[in-house]
Every structure is written in C-alpha cells, then in structure tokens.
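Down below is the structure, laid out as structure tokens.
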Amino acid sequence: MAAFIGNLGEYKEGQEDFESYLERFEQWMIVNEVDDGKQANVFLSVIGAEAYGLLKNLCIPDKPSSLSYDELSGKLTAHYKPKPLIIAERFKFQKRNQQENESVSDDVVSLKRLSTHCDFGRHLDEALRDRFVSGLKVEAIQRKLLTEQDLTFAKACELALSMEMASKNTMEFASNLKGHSTVNKIDKKRETKSAWQTNPAGGKVGSKVNIPFHREQRTSPVTDVVVTIMQHKDADLKQRHAGSVQGSPKDTARSEAEEELFMNTVYSTYTVGKGEKDIKVTVKLEETPIDMQVDTGAAVTLVPEIVYKKHLSHLPLEATKVRLSTFSGENIPLLGTVTVKAKYENQSGVFPLVIVKGDRPALLGRNWLTSFKLDWAGIFSVLPVGGSNDTDVETVLQRHAAVFSEEPGTIRKFKACITVKPDTKPVFRKARPVPYALKEAVEKELNRLEEAGVISKIEHSQWAAPIVVVPKSDKSIRICGDYKVTVNQSVEEGSYPLPTVEDLFATLAGGTLFSKLDLSHAYQQLVLEKNSEKYLVINTHKGLYAYHRLSYGVSSAPSMFQNVMDQILQGLEHVTCFLYDILITGRTRKEHLRNLKEVLSRLENYGVRVKREKCTFMQEKVEYLGHLIDREGLHPTETKVAAIVNAPQPSNVTELRSFLGLLNYYGRFMKDLSTVLQPLHQLLKKEVHWEWTPECTTAFNNAKEQLVKSSVVVHYDTKKPLRLACDASPYGLGAVISHIMENGDEKPIAFASRTLTEAESKYSQIEKEALAIIFGVTKFQKYLYGRKFSLITDHKPLLAILGPKSEIPTLAALRMQRWALRLMAYDYSIEYRTSAENANADALSRLPKKGRDNTAEENEIFYFSVVNELPVQATEIAQSTLKDSVLRKVLELTRMGWPNYIKDETLKPYFTRRNELSVEQGCILWGIRVIIPPAHREQLLHDLHQGHPGGSKMKNLARSYLWWPQLDKDIEHAVQQCNACQSVRKLPEPAPLHCWQWPTRVWQRIHIDFAEKEQHNFLVLVDSHSKWLEVIQMKTTTAAKTIEVLRNIFSSYGLPEEIVSDNGPQFTSQEYKAFLQNNGIKQTLVPAYHPASNGAAERAVQTVKASLQKQVLDEKKQNITITMQHRLANFLFSYRCTPHSVTGCTPAELFLKRQIRTRFSLLKPDLAKVVDGKQQKQKYYHDRPASTLRHLSEGDSVLI
C-alpha cells in the first residue's frame, strides 16, 4: 500500500472552517495525484464519520457514492456556510444614513451593498428609494425629492446627483472668481506626439481639451464602471482626491508605465436600466463602424476581444504596460495593444488601442478624446423621454404630439375580424376559482377595463374562455383570456404574409439614417367587429365579459394587425412595418424628415398611438430580423454567434462532452472535424488525467471558428420552417434557433446562452427548463413572433404544462403561469427530444456565455409579502423546512428533479403534485400556496380560526396561502374541538328525505289540511296519485262540518283507502275518527310540529294562497271585483288542466282518465266537424241530378 504525502485528518465542525478544509483536501489530492474518477471515493473516506453521516442525510434519496465530488462538496458547503440572517441585514440597511463629507454616489453604493442580503425581491427599488431619501443629509435635496410625483429610485438618485453637482460647480465657480485657486492655461496648439500623456484634467500637456470637466472618481453612465486614476506619489494622490485642478508639467507629463487604471464592475450607481442613457458614438476602426461608449473617466481606449477577433485580427498584438485591476487588486486580463486607424465623422488618426479579454463594452477613453472633437453640448443636452436632440425632428414630433398621447388609441376605418373553421362547435369553459387574496384585485381590474370600454358585461354566450390572473410587482394584476383551450383551436390562421428580408432591403435600400416607431398597446388599438366579439368572451367569478378590442393571445392577431398596418402605410416610400415596429428612412436628411412627417400624419389620421420612450430617430444603423441595416446595406449581427464565440473553455469532462455533442450535432457541415478535435478527444480517455494544454485551446478555438462559418450558420428566411431548441443545466441556459432546409437538414440561424442568477439556480429543474424556453423565445422574439415554429425540449412534463392547447396551469407556481401566458402570443408546437438528441442546446447551457444578460430574467416573487404579514414569517418556514426530514427530502427532490416512481408513503402526497411544486427563498410552494412544516401547523390553524369562522371559510382562506397533507381534515378537527363554535352552532343537518310511496290507483291516499286567507277558511284535499285538488270554502272548521264536507266529496268520488292529516283538533276528535272507522278508511297522523311530513297538503295550501293573492292583484289592476267562489273556480280549472311537475300529466287526465275541455281545445282541429262537412258535400253532389223530380201520371209506363 503506497504512503500518502501529508496529514489531512477528519473534518471537525467548530475546529476548522469547512472552506479551508476543502482547500487543504484539494491540495492534498494534487500532491498525491488522485485520479478524477476517485476523487469522490477518497473524499468520502477521509471526511470522517460525523461529516459522512450528515452528508448521507443531505443526499437522500441518493447515496453519497452515486454523486460526483463537485456535488458532494457543494452540498456540504451549502450546509456549513448558510446565508446571513435577513432581519439583521435589513436592520443594518434601515440604520444607514449619508455620512458627513460623503457624496451621493458613495451613499448609493453603500446602500446597494447593504441591500445585497436583505431579500427585498421586487420591492428592492422601493426600499432603496425610501432609505435613500430618508437618509440624505442635505435638507434641500430631501425636500425636493419629497415633492416629486411617482418617484423611483433611479429618478431620486439622478435628481440628487444633479443638485449636488450644481452646488459643487457653483461653489467652485465662485471661488475661482475670488482668486482662491488657479486654472492652468490651455494652449490652442495641438500636439501630435503622444496620445498617452495626460494631465489631471484628462487631456495632454499643452493640448486643447474639449471636455468641460473631469471628475477623478466617476461612474460610466451605462456600464456602472467606477474608474479612478491613481498617482504613485502619496502627496499627489491626496491633492487629486481633494478636488484640486492645479498641476505642473512635472506632475502631469507621465508615461504609460506610470498610470494605473482601476475598474470595478459594481452595479451601484444611479444608472438603472438596460443602457437607455448610454453616451455612445460610432467610430470606424480600420473602416469598420464600432459603437463605443464615451467615458471621460477612462485614461485609455479599449475594445473586447470579440471585436478584435472579428474585425481587427489582421493587426499584430503588442505587449502593453497598462494594467487594469479591480479594487480588490485582481488583475483584469489583457490581450495587448494594437495600433489602429480610427475615424470619427471627418476626423481621423492613428492611435493605440487596448484589447481586453471577456465580454466588456468598447470604451472611448481620454487618450482618443483629446484628438476627436465631440459635440458635448448635444451629448449632455436634456431631452424628453423618446425625444431627439435634432431640432428639426423635435419640431416634427411636437407638431404630431397627438400620436404620442398617453390616452388609449383607437384605429379608425379598420376592424379586426376573427374567422373560425366551418362546422366549429362553440367551446364554453367554466370560470376558474380565484384565490381570496386576489379576488379584490381581479374585481378592480375588471371594473377598470369595463370603464375604459375594453370589455363589457354580458348575460349569455356560447363561447367563453377562463381567465388567467397574473400578479405584477406593484401588487396590481393582469387579466388575460386562456384562448388556447377555446377559439385558438378553431380559428382560421391568417394567411397575410409578414415582411421578408428581401422586402425590407428593397424598401430601405439607399437610406442613410433610420428612425424607428414603436406602437403603444398595439393590438388593443384595433376594435373588434361585432360578430367577432363572441369568440373573445371571458368567464369570471363575476360573470361573462365580452372584449371589444383585439385581445392578447389570439393566434391570428399578428397577421390581422400586419394587414391593417400595411394598408394604413400603403403608398409611403422608404417605410416598412413589422407588426408594431415601423422603420423609416430616406436617401437624404430632407427626404427622411418628409417621410417621418408623412408617417406621423398618416398615423394621426387613423388614430394610431405610438410609445415615444421606445422610439429612436435619425440612427445610423438599426437591427431588424437578425440583420444590421445601415447606409451600406445589410450585415449579419455579431450577437447571432456571440454565445459560441464567447463560450468559455470546458473545465471538466462533463462540459467537454457537451461541447463535443454540439459539434457532432452539426458535424456533417464541418470539414475534418475528427482531426481538429483530436486533442480534445484525448481528454475523454479514462487513463488520461485532465490537463488543458495549449493544443486543446487551439483545437477549441478552431472548432468554434468552423462552427460560426457561413457554411454552418444560415441567414433568416421567412419562407423556411423554424425550430427552437432550448435546454437548462444547473448553472446555465442555452437556445438555438434553426431553419429546416429543403433536404431536411437543420441549420442554425443564431445561438444564445447565459448563466443563471443566484436566485434562478435555486429553481426546481422543471422551472429551469421552462425558463430556458422563455429565454429562447424572448431572445429570438423578432424571428419567432407571427411565425409558426417547433419548440424542442428534453423535459417531458413541459409538454402538458406549456403545450399550445393546454390550459394555463392554475396550481403551478406563479412564474410558470406568467411564462405560459407569455407563450400565448406565439404560434408553436412543442416536441420532446432526449438529452442526447438535444445536444446543440445542451452544450450552450453547460458552457454559458459569461457576463450579464438579463433576457427573461425573473426578479424575486413579490407574493411573499403576503406570507410575511402572518405571525409566522417566510424565513421561519424556510428554516423549519430544512429541519423537517420529510420536507427536506421534498426540497431537494424539487430542486434536483423527481424520480419516475417513489415508494416512501410520506412523500407520495408531494410526488403526486411534483410538477406543480417550486422553491422560493427556501420555502416549498404548491402553486401559490406555501407548504407548512409540522412545527408551524398548529399555530397557523389557530390563525386561520381567528374570529371563529366555519370549516368551509377556513378551507377557502387556506387555499389562498398555505397547504400540507390532510389539511382539510385538520381544519375540520380544529373546528370540532372548539368549544365556542360548538356551543353556538346551528341545529344538526336535517335527516335524509323519506318520500311517500306513490299510490298506484286514484283516490288510494288523500292528504287534507285547512288553509286561511283573508278571514276565509278552506278545506284543501289532494289526491296523492293524480294530484287532483279539491278546495271547499267553509264558514266554520268544526269536526261535524268537516265530516259533512267530506261526506259530500265521497258521494262524488267514492271512499278513499287512507287519509293523511296533521294533528288538528278536527282530525283528532272522536267523532271524526268514528266517521273514518265506520267507512273503512285508514287514518294517518303526521308527527306533531313537523308539518313537512304532510308535504302534499302543505304544498297545496301554499299554491292555493298564492293563486288567490295573484287574482286579487289582477282584479285591482283591471279595476274589477269577483267573488271568492269565482276565484276558487278559476284556480281549480286552471290547476286541473295543467301538467303537474311530478307526474308530467294533468291531474284531470290521471283522475278522470281524460283531458277536460278548455278554451285551448278550440285551437285543435275538430275531426267530427271535418267528417260532417265531408258527408254534407257528398250528399250535395249525390242529390244534385235529382234536384228536378219527375211527376208520373196514371197510365204512364214504368220499368219494373
């Protein structure tokens, strides 16, 4: 047995930090040359019994031996290094105030740093805004911010910074006037020797500087890069940080080696968004236009390696002495410098350019700005949202201000018509239940839409779609109809074509500048035809509502809207429209302005509204359908292959296998692939130790270059079928959009990938896979919208949840509902592929592009604010979930994926709901309901029973917030054990109904009772077989008089077999009993104080009283008066000839065995009259020849 080098020992908690132990273990494995395949086994052998027991519990249901070393170490690291306490972090955050001599920028940085672990979720912006305003030390700035309407954190920071800068500039200007400081003289002569010599103001010595001011510590307006120029001399450093602008040639004339640039990409400044405030200019590098961000805080100009490799690779790289490092001292890797020809407008020159590794923005630094004159007045001018610093354009926009109105637009002269397939049967879906927590918000939104005229309430409809309620971050909601399960299955797909690339080029060819208009709430501007409104009816808990505008989610909406917009813009030159984006150009500036005026006039005439903040004007280039359009024509965009070009090198065998799978997927389009990949294939051998060599790097880069060549990647074509493949790994997302060629080959159009955020990495596997789909659809929206495409996934449950014909899942997590709702706008089919068949997207997810990409990124779900308001906090639930053995398993399985079968009975309630479970902030959710650990169930049952509601109300309330197995039974038990509830509860439920047996003969059993109406007494008698009714008015109700009336009735119809009555004195008297006994009639008395037992007579009494009352009211209306006997006769005649609801026959038909004659009988043909008429007619024709009788006389001859 070989001896090991070093003494590692077991891990003892409390004696050593686990992270340190892990570092020692990894060094120990390197020294002892432990194979990769044995790392996990060695790790399990050395960590000790205590750590192994803990790890075994953490790995349930898997065994530790079945997991890799990375997975094992990751589980222990997550256990031994928990997150900080949220309440403590929030306490620090709330105590934070701006310090003395601290700038607003520094205050913002500190606040954002403190909020990192506060877990504010979607309320982060509000929390930052409130704490920032409350903690400001300058009262004037604070008062100003408190008067602002709709104040956001970004706006608050911007206003505070502006006021602070204005105050500083005023003070400096005043001190300069008083002679308290000196300003260097600026020589008007331009020097051309060295572009690297700088002075404290950011320019060269003796050179003219076109920058109005320069702060030594600042933040780039978009990239949030804090840039600081550091001097080697301590005294000079202090002087510069004191804000002095003085300097001598000795101090300022420095070489490149004396300057050090510090860059820290901390997102902590006042700029919020995706780059709307970028200060960018287009500079031609070697005749290639490149967008560069103007950064007066950067001493040098730099571009990322992707720009160098794509456009400047022919220039030789040189070593550089410039050093870029973070505040923590970590160096930012550089490739080197090149000398490049640069041109900006009519200015040009040869300059040094730094090439940095990674995905960073191209920065235009001070060494170039000293040579290029920029229009600083135009750059720093304050513009309205969506405005332009071009006065001519602004004049045009002001003239057509109505187009940019915030009021909802209504397109005139056009209406949307929805056509369904022939023989389509209407689909009516019932309303889905709305959680109590959202009911008020739903009703408020329905009222808002109704007041805006978008919807209106209706009573009846053959079509109805259920609604999907999606909560938003501001606690409002969005309501959409789930048309996937109703009209979308039968709608005639629009055949109107979307613009092709050829159409685009033909329309925009020759253009020099480009403007883009974005329509506001495009579909809702188009009114529906009256006959089409029935298809878009939604079914809510408040009833049915019909849409009057084209609604989101209708599959034929894109083609209908494109048709309308093409007709509106018909005849305009150099104008094209793709759905809700309008592109405008012109051969000259004058022609462009004229076209812009014509488009805005046309839109104004038709009532179309445009969203100004999303519009751009007079741009030199614009991206459309995967192409970059400028004055020189169409160009492919760099972003199409950025995911491949920027893919990091594999760090282990798993990642390498995924990358090789991607190459094999497109291998038939790549030449000599096996030769190129030979160094990489060597790493897959079991006996080979993982070592990434320079040969591997060369093979990796060559393979990527081959993959992005034109022979593999094709251009987007609106006529070819589309396919979108998506996949997710534990740390990344990948998507590939492809065309299916005529020969069946699949060729990629573009690739996309990104890493998961910290919050997304904690999603369950099904949510990660769904997020990958949303990422791909969002990234390639311009390609997919309005087109039919195939969606490929390797996660089978998503076929049912996100299928195009599936109902939006009401019990899934809210984010899944939002994603399903987003997919409603697309026309797609979804297909399942195994992971091996989905290798192209799988590789991108395992080698995601580094750098920030917030496409389809989700923030924290806000609905935990509801849980936080309960006595039990969400953090407590998360902690108790980890402590509970069952829920800890459920948590792990939800995150890592459930098996196909499970034996543990305690897990089966969760297994049946596995596709609807999600994890949020350490809590397990079933839909929107938090799964409560046993430790808090009793307390929450007590909270649910506050106010002593009944069991049903408690269940309804719980269904909006929480769940655990057997929750309904626990609620019922809690109510039954509540003494207060039991003492005031209602009488027990009535006993089951026992019906009288229906007599088979007339007059077999009769029911009798007395009725009183307006001081008149009536004896009511009903035959139980035929429902024949007798009502006799009586002056007195004695037993003798009752016997007299019954004797009269029996003389007409005979003696019955049984009489049923209540316990009235007439029916219990000896005289009455003797009468029945003498006539052989059985007497049945119903129970006392239970009149329902004599239901037939009781119901007959109610019917008599109601009919008499109606006749009285009718008499008053007609101003007539009839006797009581007349009223009774009218009632009995009508009742006896009307079919009874129980028997379906009239009482007369069953009692008399015939229908009695009524006035309605006159409506039927009389057969007797017809026969008599026919006979009379026959007699007439028969007797007509004998109308003149012969008279015989005596002696006339007759024939005998």
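Residue numbering for the sequence shown follows the working numbering, beginning at 393 and increasing consecutively. Glycine included, C-beta positions come from ideal geometry on N, C-alpha and C.
| Check | Outcome |
| --- | --- |
| Supposed contact pair Val812 and Glu884 - C-beta distance, whole angstroms, cut 8 Å | 6 Å |
| At least three beta-carbon pairs within less than 8 Å, the segment 730-741 to the segment 670-677 | yes |
| Cβ pair count under 8 Å reaching 3, the segment 901-919 against the segment 799-811 | yes |
| The ligand ADP heavy atom lying under 6 Å from the CB of Lys1006 | Summarising the ligand content, the structure contains no ligands, and the ligand ADP is consequently not present. |
| Candidates Gln1462, Arg1023, Ile1294 and Ile533, of which the one nearest Met557 by Cα | Ile533 |
| Arg1287 versus Asn1307 - alpha carbon distance | 11 Å |
| Bounding residues of the beta strand (DSSP E) (the contiguous stretch that carries Arg1397) | Arg1397 to Lys1405 |
| Candidates Tyr403, Asn1486 and Phe1410, of which the one nearest Cys1387 by Cα | Asn1486 |
| CA nearest to the CA of Glu965, picked from Thr899, Glu402, Lys1003 and Ala938 | Thr899 |
| Beta-ladder partner(s) of Lys1474, from DSSP | Glu1450 |
| Euclidean distance between Cα positions of Leu1421 and Arg1549 | 17 Å |
| Lys630 in three-state terms, based on DSSP | The predicted position of Lys630 is uncertain, since its pLDDT is 35 and thus under 50; a value taken from the coordinates is nonetheless stated next. Helix, per DSSP. |
| C-beta atoms of Ala1039 and Pro1071 nearer than 7 Å | no |
| Cβ-based burial, Thr351 [other Cβ within 10 Å; buried from 16] | Shown here, the chain extends from 393 to 1592; a query on residue 351 therefore has no answer. |
| When Gln1098, Leu1438, Ile1166 and Glu1134 are compared against Ser1145, the one with the closest alpha-carbon | Ile1166 |
| Proximity of Ile1193 and Arg1225 at Cβ, strictly below 7 Å | no |
| Whether Val861 touches Val834 by CB criterion (7 Å) | yes |
| Boundaries (first-last residue) of the beta strand (DSSP E) holding Ile976 | Asp973 to Gly978 |
| Contacts around Glu408, its chain only, beta-carbon distance under 8 Å, and the 5 residues preceding and following it disregarded | none |
| Continuous alpha helix (DSSP H) assignments of at least 4 residues falling wholly in the segment 451-531 | 461-472, 478-486, 496-506 and 516-527 |
| From Arg514, His1518 and Asp499, residue whose alpha carbon lies closest to that of Ser526 | Asp499 |
| Beta-ladder partner(s) of Phe906, from DSSP | Thr977 and Gln1011 |
| Exposed unless 16 or more other CB atoms sit within 10 angstroms - verdict on Ala1498 | exposed |
| When Leu745, Leu551, Pro1291 and Gln486 are compared against Lys536, the one with the closest alpha-carbon | Leu551 |
| Helix, strand or coil at Glu697 according to DSSP, with G and I counted as helix | helix |
| Candidates Val1002, Gln1369, Leu1191 and Ala1266: closest to Pro1325 by CA position | Ala1266 |
| Candidates Met684, Ile871, Glu463 and Arg979: closest to Leu766 by CA position | Met684 |
| Alpha carbon of Lys585 to alpha carbon of Thr731, nearest angstrom | Residue confidence is low: Lys585 scores 35 on pLDDT, short of 50, so the model does not pin down where it sits. No coordinate-derived value is stated. |
| Option in Gln419, Cys969 and His1399 with minimal Cα separation from Leu400 | Gln419 |
| Backbone CA spacing between Glu1364 and Leu1317 [nearest angstrom] | 23 Å |
| Residue range of the alpha helix (DSSP H) that includes Pro1457 | Pro1457 to Thr1460 |
| Integer-rounded CB distance, given that Leu1332 should sit under 8 Å from Leu1349 | That pair is no contact at about 11 Å. |
| Simplified DSSP state of Pro858, which is helix, strand or coil | strand |
| Cβ pair count under 8 Å reaching 3, the segment 906-916 against the segment 995-1006 | yes |
| Residues near Arg1528 in its chain [Cβ-Cβ closer than 6 Å; skip 5 each side] | Pro1539 and Ala1540 |
| Burial state of Arg386 (16 or more Cβ within 10 Å) | No statement about residue 386 is possible, as the shown extent of the chain runs from 393 to 1592 and does not include it. |
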